[in-house]
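Chemist: The listed protein sequences derive, respectively, from chains A and B.
Just so you know, we're using our numbering here: the first sequence kicks off at 1 and counts up by one.
Just so you know, we're using our numbering here: the second sequence kicks off at 1 and counts up by one.
Let me give you the structure first, and then I'll get to my questions.
2 protein chains.
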Amino acid sequence: MPDRFATAIDLICFTVVGGALAVLGAGAGRGGRSALPWRLLGAGEGLDTVAARLARTTLGRAPGWRTQLGASSDTSRHPSLAPLSVGYVAVVPAGTDAPPGHLWHRLPAAGAFGTRQQRGMVAAIATLRDRMDVEPIAFRLLPAAFTLGELQALYELLLGRRLHKASFRRALQGAFLVEPLEEWRTEGRGRPAQLYRYAPRRQRGSRPVRFALLA
Amino acid sequence: MPDRFATAIDLICFTVVGGALAVLGAGAGRGGRSALPWRLLGAGEGLDTVAARLARTTLGRAPGWRTQLGASSDTSRHPSLAPLSVGYVAVVPAGTDAPPGHLWHRLPAAGAFGTRQQRGMVAAIATLRDRMDVEPIAFRLLPAAFTLGELQALYELLLGRRLHKASFRRALQGAFLVEPLEEWRTEGRGRPAQLYRYAPRRQRGSRPVRFALLA
DNA sequence: GACTTTAGTATCGTGCGGATACTAATTGCA
DNA sequence: TGCAATTAGTATCCGCACGATACTAAAGTC
């Protein structure tokens, strides 16, 4: 008879709030400790299925993107007391309200979470950064219509460094990922910015561009 | 009382045999089915600890590199009957003998493994390919001393495409990853190739080179 | 000794990415 | 109403990394 373990699914859900990444915390009032949303795995349930349901019921909507981070054995204590946990990252567009009983914690959320969960967040952001060149993570963190300035700012946020405007746009154009709308948005002063939408057309001559390499 | 699950650790261990990747299978005789080495997680054990021990006891030595792939809930049946499994990838240098009761299966090992395990191998190779630019995976798949031709052939094997010799060497030089030995190896006909060893010196001016981008 | 084979290097051209500077369109203010 | 300031977006130039090609070097083979 082998050992058996309770298994928790953790959700690390990011959005953008005021130009910074923010992570969804459950049950925190003012200044108090927060925790990642989680759910125990039930018999006969698949990991991805449970993670998808956890995200959907927590947020009230399906996240724009989601993937598994990996499994960890919690020598330090998981809130559920489960010795095994499987982490999932998800993203929702900027502007998504935190569901009732939850809060967006802008990073670095030094005080709000335990150190174990903060380590998970670091790994989660690394995953976002690693995969954003090949998956539409940045676009899922933005509303359907966005300006190229917002898109670049998001890339800079995830990559942790400034990008060159002309190079960014050249690369973006070469990748055939976005489509301009006949719509402009004026943001205070300055020339209005044209809005774009994510419309990837993988076509002949669309060379793959690794934005992460741009300066 | 939450549901509890037996949990298996799977080991996907690669080496190079005759210019092709090979994966370690347990218990296969001639032509028979093979299975990945695995071990059930015990109470109070950490995932990484168990994976390291599984690799060490299976191979008789610590692998040159190892990392977690992720967790999966086995709707199709795991050999251990555990409903949960956590996969690990590892590599050992070319020339490592298969331990007693095990065999190296050169890829594509179409017949030897079940489809579930073959999917894991595909994911494992994708992980190797994704991380080989930032972790010394290729060097752990080679003996301590190797020729640049062998190194390039290994990169080509993992990336699945030919690389340009001069570009590869230029990039390698710029990365300060290897050090020439005062030793040459003659391989049948042709000029002998100088041997090198992995000796990374992260120093001023060692620009990071993404070999995966080379043609 | 000529040919073949493999290792390794040099040279050149092209194209991408970064710097810089420019145009465009709006707000704020005198 | 016009000018400065601000932000969006583009054009031009240039350096350099990469790929192509051709070369040299050192061994085996006939």
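Don't be surprised by glycine CBs; every beta carbon is placed ideally from N, CA and C.
Computed from a prediction, not measured in an experiment: that's the story for all the values here.
Does the beta carbon of Val89 of chain B come closer than 9 Å to any beta carbon on chain A?
Modeler: Taking the first residue of the second sequence as position 1, residue 89 of chain B is located at position 89. Chain A, which has no Cβ nearer than 9 Å to the Cβ of Val89 of chain B, makes this no.
Chemist: Counting only beta-carbon separations shorter than 9 Å, does Pro2 of chain B have a partner in chain A?
Modeler: Residue mapping note: residue 2 of chain B aligns to position 2 of the second sequence, counting from 1. For Pro2 of chain B, the answer is yes, since a Cβ of chain A falls inside 9 Å of its Cβ.
Chemist: Name the DSSP beta bridge partners of His102 of chain A, please?
Modeler: The residue given as residue 102 of chain A occupies position 102 in the first sequence. DSSP, once it has assigned bridges, lists A:Ala26 as partnering His102 of chain A.
Chemist: Name the chain B residues whose beta carbon is nearer than 8 Å to that of Thr75 of chain A?
Modeler: Locating residue 75 of chain A in the first sequence gives position 75, where the first residue counts as 1. Under the 8 Å cutoff, chain B gives Gly46.
Chemist: Any C-beta of chain A sitting closer than 9 Å to the C-beta of Gly70 of chain B?
Modeler: The residue you call residue 70 of chain B lines up with position 70 of the second sequence. Yes, because at least one Cβ of chain A sits closer than 9 Å to the Cβ of Gly70 of chain B.
Chemist: Which bits of chain B does Val86 of chain A rub up against, with CB to CB less than 7 Å?
Modeler: Counting from one through the first sequence, the residue named residue 86 of chain A turns up at place 86. The contacting residues are Ala71.
Chemist: Can you name the residues that DSSP bridges to Gln194 of chain B?
Modeler: By 1-based counting over the second sequence, the position of residue 194 of chain B is 194. Gln194 of chain B is bridged to B:Trp184.
Chemist: Between which two residues does the alpha helix (DSSP H) containing Leu141 of chain B stretch?
Modeler: The residue labelled residue 141 of chain B in the question sits at position 141 within the second sequence. Unbroken run through Leu141 of chain B: none, as it is neither H nor E.
Chemist: Cβ of Pro143 of chain B within 9 Å of Cβ of Ala193 of chain B?
Modeler: What you label residue 143 of chain B is simply residue 143 of the second sequence in a count that begins at 1. What you label residue 193 of chain B is simply residue 193 of the second sequence in a count that begins at 1. No.
Chemist: Is there a Cβ of chain A sitting closer than 9 Å to that of Ser167 of chain B, yes or no?
Modeler: As a position in the second sequence, residue 167 of chain B is number 167, starting the count at 1. Cβ-Cβ to chain A under 9 Å: no for Ser167 of chain B.
Chemist: Measure from the alpha carbon of Ala109 of chain B to the alpha carbon of each residue in B:Phe14, B:Asp3, B:Ala212, B:Leu214, then state which is nearest.
Modeler: In the second sequence, residue 109 of chain B corresponds to position 109, counting from 1. The shortest Cα separation from Ala109 of chain B among B:Phe14, B:Asp3, B:Ala212, B:Leu214 belongs to B:Phe14.
Chemist: From what residue to what residue does the alpha helix (DSSP H) around Ser257 of chain A run?
Modeler: Absent from the model: residue 257 of chain A. The displayed extent of chain A is 1 to 215, so no value can be given.
Chemist: Write down the C-beta distance between Gly120 of chain A and Ile12 of chain A rounded to the nearest angstrom, noting that I regard them as a contact closer than 8 Å.
Modeler: For the purposes of this step, residue 120 of chain A is identified with residue 120 of the first sequence, where counting begins at 1. For the purposes of this step, residue 12 of chain A is identified with residue 12 of the first sequence, where counting begins at 1. Indeed they touch by this definition, with Cβ atoms about 6 Å apart.
Chemist: So what does DSSP say about Val178 of chain B, is it helix, strand or coil?
Modeler: Here residue 178 of chain B refers to the residue found at position 178 of the second sequence. Residue state, collapsed to three classes: strand.
Chemist: Within 8 Å, do at least three Cβ pairs link the segment 32 to 41 of chain A to the segment 42 to 57 of chain B?
Modeler: No, because fewer than three Cβ pairs between the segment 42 to 57 of chain B and the segment 32 to 41 of chain A fall closer than 8 Å, the two stretches do not touch.
Chemist: Does the CB of Phe176 of chain B have a neighbour CB from chain A at under 9 Å?
Modeler: Stepping through the second sequence from its first residue, residue 176 of chain B is reached at position 176. False, the Cβ-Cβ gap to chain A never drops below 9 Å.
Chemist: For Pro83 of chain B and Phe5 of chain B, which I take to be in contact (beta-carbon distance under 8 Å), what is that distance rounded to the nearest angstrom?
Modeler: Here the question's residue 83 of chain B lines up with position 83 in the second sequence. Here the question's residue 5 of chain B lines up with position 5 in the second sequence. Sure, about 5 Å apart at Cβ, within 8 Å.
Chemist: Name the chain A residues that come within less than 7 Å of Gly42 of chain B, Cβ to Cβ?
Modeler: Reading the second sequence from its first residue, position 42 is the one you call residue 42 of chain B. Residues of chain A passing the Cβ test: Asp3.
Chemist: Taking 9 Å as the cut-off, decide whether the C-beta atoms of Arg66 of chain A and Tyr88 of chain A are in contact.
Modeler: Numbered from its first residue, the first sequence carries residue 66 of chain A at position 66. Numbered from its first residue, the first sequence carries residue 88 of chain A at position 88. Yes, the Cβ-Cβ distance between Arg66 of chain A and Tyr88 of chain A is below 9 Å.
Chemist: Taking all protein chains shown into account, decide if Glu187 of chain A is buried (16 or more other Cβ within 10 angstroms of its Cβ) or exposed.
Modeler: Indexing the first sequence from 1 puts residue 187 of chain A at position 187. Exposed, because fewer than 16 other Cβ atoms sit within 10 Å of the Cβ of Glu187 of chain A.
Chemist: May I ask you to report which of helix, strand or coil DSSP gives Arg39 of chain B?
Modeler: Along the second sequence, read from residue 1 onward, the residue named residue 39 of chain B stands at position 39. Arg39 of chain B: strand per DSSP, three-state reduction.
Chemist: Taking buried to mean at least 16 other C-beta atoms within 10 Å of its own C-beta, is Leu103 of chain A buried or exposed?
Modeler: On the first sequence, residue 103 of chain A is found 103 positions in, with the first residue counted as 1. Leu103 of chain A comes out buried.
Chemist: Mapping DSSP to helix, strand and coil, what is Arg53 of chain A?
Modeler: Position 53 of the first sequence, counted from the first residue, corresponds to residue 53 of chain A. Reduced to three states, the DSSP call for Arg53 of chain A is helix.
Chemist: Mind reading off the beta-carbon distance from Leu158 of chain A to Arg129 of chain A? Whole number of angstroms is fine, and I expect it under 8 Å.
Modeler: As a first step, residue 158 of chain A is located in the first sequence; it is residue number 158 there, counting from the start. As a first step, residue 129 of chain A is located in the first sequence; it is residue number 129 there, counting from the start. About 5 Å separates the two Cβ atoms, so the contact holds.
Chemist: Is DSSP giving Thr96 of chain B helix, strand or coil here?
Modeler: In the second sequence, the residue the question calls residue 96 of chain B occupies position 96. If DSSP states are grouped into helix, strand and coil, Thr96 of chain B belongs with coil.
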